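These notes are about the structure you will find just below.
Residue numbers (the working numbering): 6 to 601.
Below, the structure written as structure tokens:
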């Protein structure tokens with residue numbers, strides 16, 4: 006009979022790799038359930054114990070050791086589930102560098118293939134691990150994306166009996182690479198963050214310290230296993246802790262957000278969370294009748310990270326689910342990024358996150374001016390907590406590379422054992438991002454996050470992004486990708502004259518696209534000649550083409566499309582799009598909209 010809980014031993018301080026970590030659990034907690042996957046998102050359960058996970062990892066590891074050399078790469082192309090967990094650890098058991106990715110969309114594979122192609126190509130993966138159903142579809146995939154035929158494809162559900170006995174423990178250490186976390190989202194310039202075993206063990210330890218979690222806790226995770234929060238927070242850290250975790254697929258959550266809270270209530274899990282949008286989604290989509298069935302009094306740490314944490318979301322969620330037993334002090338805002346492995350700063354368990362209300366006009370000038378919420382232009386920020394153990398956070402001027410004053414907003418720089426080794430095969434970008442030093446003191450090296458913020462009484466407040474990354478519904482979108490899609494959606498859009506950015510609308514990040522039209526376009530000619538009716542029809546055709554193309558290729562809804570006359574989009578002196586200036590003009594209504 007499967008054991009579902011006992012007070013498990015903490016991981017030995019002698020453990021130096023994730024292989025040793027799982028082997029430790031398999032030795033002392035072999036019959037304990039490690040993960041429960043809800044196959045249908047509701048009630049159909051699949052379980053795996055630590056002992057069985059170790060056996061499957063040894064079997065996949067032995068298979069890979071027959072085909073690959075230590076340090077080779079294997080890309081993971083499974084749907085979320087227990088196969089993904091086994092495949093990931095199978096790579097580590099072989100001494101092979103895992104490359105987490107998502108499989109092609111079974112309904113509309115074409116839009117998902119470019120990113121997979123670039124990951125496979127950039128990592129030079131020699132093997133693609135998957136299941137039998139996807140393996141059967143590879144001929145049609147190879148027709149759409151011939152580059153995907155380069156690696157050897159292997160299904161791992163059923164391997165020859167006893168193959169796990171052929172496994173040999175790999176010669177790896179804490180400095181060895183465990184996996185490459187691809188963060189780009191860009192089909193032209195992917196970047197694989199090199200994450201070591203030591204990075205992962207340190208980050209797992211500080212997550213448990215920040216959460217004040219023990220083996221008596223349990224988790225519920227819907228986050229994608231191919232992203233850092235889902236992979237590290239949802240699959241690795243629970244094994245370090247010895248806490249059972251319930252999993253559902255991201256699609257199951259997005260289709261019916263109630264499933265997230267229902268699983269927490271049913272399995273009495275204490276640790277769960279996600280980006281801010283998940284809490285907003287639950288607020289909008291969970292009905293009063295569904296709330297009446299929930300008991301969330303067990304939820305001790307509701308972590309919130311990966312995108313801006315909003316004060317009104319925390320307040321509204323706590324109020325809306327108070328009747329279900331949710332406590333406001335369960336909210337746990339935190340900050341992290343793939344280059345820092347996962348978590349960098351976090352709050353205190355059972356402690357209300359500090360808030361800081363500042364003048365919005367000062368924020369736009371990179372200054373911190375404290376005010377009260379009842380003042381015009383006030384903006385309330387939520388603390389993302391303090392730097393966790395052995396982690397150093399400084400705020401630096403991104404231009405002068407000097408430490409900022411306490412009332413000055415600057416770039417967030419991070420140092421510590423969790424900071425990754427750099428970007429795969431990108432020495433110049435690694436030097437720029439991971440080897441920064443303060444020019445006034447010589448301190449360093451630091452990892453430049455590209456995010457903006459300030460420190461107040463040791464608390465980190467994140468105010469925005471130095472880079473133009475767009476985050477909507479917890480997913481990263483690079484503006485140049487969306488701009489390229491918009492340019493190609495209609496022949497009357499000017500090439501190199503499109504800006505994509507996000508704005509806050511109703512408390513949520515929304516995508517906006519601003520595009521110039523060609524001088525020869527029908528909408529421009531008819532607007533110029535005063536033919537308003539024909540111009541409106543032409544403008545609608547363009548905007549509908551943009552919306553459709555972006556939705557199909559990026560799976561994101563366009564909130565607004567603004568068409569401009571030629572030469573009206575803000576540019577730098579070298580001709581680059583000034584996205585933030587464009588965004589500011591859109592918000593204050595100074596863009597010369599052709600449709601007006």
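Backbone N, C-alpha and C define an ideal beta-carbon position, used for all residues, glycine too. Keep in mind the model is a prediction, meaning the values are calculated, not measured.
| Item | Value |
| --- | --- |
| Can you tell me the Cα-Cα spacing of residue 264 and residue 91, whole angstroms? | 24 Å |
| Please return the same chain residues whose Cβ sits closer than 7 Å to the Cβ of residue 54, not counting the five positions on each side in sequence. | 7, 35, 36, 37, 38 and 39 |
| What are the partner residues of residue 35, as DSSP defines its beta bridges? | BP columns for residue 35 are empty, so no partner. |
| Suppose you measure from the CA of residue 192 to the CA of residue 489; what does that come to, to the nearest Å? | Confidence at residue 192 is low in this model, with a pLDDT of 31, below 50, so the placement of that residue is unreliable and no value is reported for it. |
| Give the secondary structure of residue 40 by DSSP, where H, G and I count as helix, E and B as strand, and everything else as coil. | strand |
| Would you call the segment 207–224 and the segment 267–278 in contact, with 3 or more CB pairs under 8 Å? | yes |
| May I ask you to list the residues that DSSP assigns as paired with residue 72? | Answer by DSSP bridge pairing: none, since residue 72 is not bridged. |
| In angstroms with no decimal places, state the Cα-to-Cα distance between residue 279 and residue 380. | 31 Å |
| Using 8 Å as the threshold, is the segment 235–250 in touch with the segment 200–209, meaning 3 or more CB pairs across them? | yes |
| So for residue 495, helix, strand or coil by DSSP? | coil |
| Residues bridged to residue 155 by DSSP? | Answer by DSSP bridge pairing: none, since residue 155 is not bridged. |
| Mind reading off the beta-carbon distance from residue 80 to residue 425? Whole number of angstroms is fine, and I expect it under 8 Å. | At roughly 19 Å, the Cβ-Cβ gap does not stay under 8 Å, so residue 80 and residue 425 are not in contact. |
| Is the beta carbon of residue 338 less than 8 Å from the beta carbon of residue 310? | yes |
| What three-state label does DSSP hand residue 309 in the structure shown? | strand |
| Could you tell me whether the Cβ atoms of residue 147 and residue 86 are closer together than 8 Å? | no |
| Which term fits residue 495, buried or exposed, when burial requires 16 or more other beta carbons within 10 angstroms of its beta carbon? | buried |
| Considering Cα atoms alone, identify which of 319, 268, 329 and 313 is closest to residue 294. | 329 |
| In this structure, how does DSSP classify residue 172 when only helix, strand and coil are distinguished? | coil |
| Roughly how many angstroms lie between the CA atoms of residue 24 and residue 173, to the nearest whole one? | 12 Å |
| Would you kindly check if the distance between the Cβ of residue 324 and the Cβ of residue 358 is under 8 Å? | no |
| Write down the C-beta distance between residue 297 and residue 262 rounded to the nearest angstrom, noting that I regard them as a contact closer than 8 Å. | Not quite, the Cβ-Cβ distance comes to about 16 Å (not below 8 Å), so this is no contact. |
| Are the segment 399–414 and the segment 428–445 in contact at 8 Å, needing three or more beta carbon pairs? | yes |
| Report all residues from its chain with a CB closer than 6 Å to the CB of residue 77; omit the five preceding and five following residues, and keep chain order. | 101 and 131 |
| How far does the beta strand (DSSP E) with residue 418 in it reach, from first residue to last? | 415–420 |
| Determine, using beta-carbon pairs with one atom in the segment 510–529 and one in the segment 454–474, whether at least three such pairs fall under 8 Å. | no |
| Is there contact between the segment 562–574 and the segment 500–520, where contact requires at least three CB pairs shorter than 8 Å? | yes |
| Consult DSSP for residue 505 and reduce its assignment to one of helix, strand or coil. | strand |
| On a Cα-Cα basis, can you pick out the residue from 186, 320, 155 and 493 that is closest to residue 552? | 493 |
| Pairs of beta-carbons, one from the segment 102–111 and one from the segment 156–175, closer than 8 Å: are there three or more? | no |
| Is the beta carbon of residue 368 closer than 8 Å to that of residue 417? | no |
| Within 10 angstroms of its Cβ, does residue 579 collect 16 or more other Cβ (buried), or is it exposed? | A caution first: residue 579 carries a pLDDT of 47, below 50, which makes its placement in the model unreliable, though a value can still be read off. Per the 10 Å Cβ criterion, exposed. |
| Go through the segment 191–279 residue by residue and report every complete run of the alpha helix (DSSP H) that reaches 4 residues or more, in order. | 202–216, 242–246, 255–260 and 263–272 |
| Within this structure, are the beta carbons of residue 451 and residue 399 separated by less than 8 Å? | yes |
| Check residue 2 in the structure and name its three-state DSSP category. | As displayed, the chain neither begins before 6 nor continues past 601, which places residue 2 out of reach and without an answer. |
| Under 8 Å by Cβ, that's how I've got residue 236 and residue 255 pegged, so tell me the actual separation to the nearest angstrom. | The Cβ separation is near 12 Å, so there is no contact. |
| Residue 357 lies in the beta strand (DSSP E); which residues open and close that run? | No beta strand (DSSP E) contains residue 357, which DSSP labels as neither H nor E. |
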